[in-house]
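See below for the structure under consideration.
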Amino acid sequence: MTGWLAIAGLGPGDEALVTPEVTAALAEATDVIGYIPYVARVAPREGLTLHPTDNRVELDRATHALQLAAQGHRVVVVSSGDPGVFAMAAAVFEALEAGPPEWRDIDIRVLPGITAMLAASARAGAPLGHDFCAINLSDNLKPWGVIERRVRLAAEADFAIAFYNPRSKA
């Protein structure tokens, strides 16, 4: 098996904040898979197939990426920010666990990216210089009661709080 799979964070939107490691993986890729607006950030080129998908199909997207990598493709799954923060890394590893045993032989790398939380913090000075947390306000995958409880407890604990997805978009 010569294929590989990179799960890459494209950062918060400014191309200057995409890491060199992610840029290199995209340059070597035969396939890029991701949510439509994130795939749109990748320049088309000869030898590269772009696979834009709609929102809320993360496991389908991850399964498709693993299938292509198992067939020998060099695949990059793109997310905004960091792929491990409210993004695609978890979905890929969930699909890997549920998939056929041969998928475990795929070379999989998680390439970090700069989150919106960290970029905004840098602009503001140092609001995350002490204890902080990030809370996803989207109720697409969890009930609002769980989110509300987390917000209340984080506020009671006096954390600086970074909120993600203030409006659930399905």
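Last residue of the sequence shown: number 385 in this note's numbering, and the count goes up by one each step with no gaps. The beta carbon of each residue, even a glycine, is placed where N, CA and C say it ideally should be.
Check                                                                                                                                                                                                  : Outcome
Ala223 bridges to which residues according to DSSP?                                                                                                                                                    : Val293, Leu326
If you reduce the DSSP assignment to three classes, tell me which class Asp320 lands in.                                                                                                               : helix
Comparing alpha-carbon positions, which option in Ile329, Arg319, Ser353 lies nearest Glu236?                                                                                                          : Ile329
Starting from the C-beta of Thr238, find all residues in its chain whose C-beta is less than 6 angstroms away, skip the five residues before and the five after it, and write them out in chain order. : none
To the nearest angstrom, how far is it from the Cα of Ala255 to the Cα of Leu225?                                                                                                                      : 11 angstroms
Please classify Gly314: does DSSP put it in a helix, a strand, or coil?                                                                                                                                : coil
Note down, in chain order, each residue of its chain lying with its Cβ closer than 6 angstroms to the Cβ of Phe301, except the 5 sequence neighbours on either side.                                   : Asn351, Tyr379
Do Asp246 and Arg276 come within 9 angstroms of each other at the CB atom, strictly closer than that value?                                                                                            : no
What residue range is occupied by the uninterrupted alpha helix (DSSP H) comprising Asp275?                                                                                                            : 273-285
Going by alpha carbons, who is nearest to Ile222 out of Leu281, Arg382, Asp269, Thr268?                                                                                                                : Leu281
Please identify the residue among Ala310, Leu356, Gly249, Glu317 whose C-alpha is closest to the C-alpha of Thr217.                                                                                    : Glu317
What residue does the alpha helix (DSSP H) around Pro342 start on, and which one ends it?                                                                                                              : Counting along the chain, Pro342 falls outside any alpha helix (DSSP H), and DSSP gives it neither H nor E.
So Leu274 and Ala306 are in contact, right, with Cβ under 8 angstroms, and what is the actual spacing, rounded?                                                                                        : 6 angstroms
Taking only the alpha-carbon atoms, compute the straight-line gap between Leu333 and Ala304 and give it to the nearest angstrom.                                                                       : 18 angstroms
With 16 other CB atoms within 10 Å as the buried threshold, where does Ala231 fall?                                                                                                                    : exposed
Between the Cα of Pro327 and the Cα atoms of Ile248, Asp346, Gly299, Gly314, which residue gives the shortest distance?                                                                                : Gly299
Would Val361 pass as an interface residue toward chain C - the criterion being a Cβ-Cβ separation below 9 angstroms?                                                                                   : This model lacks chain C altogether; it includes just one protein chain.
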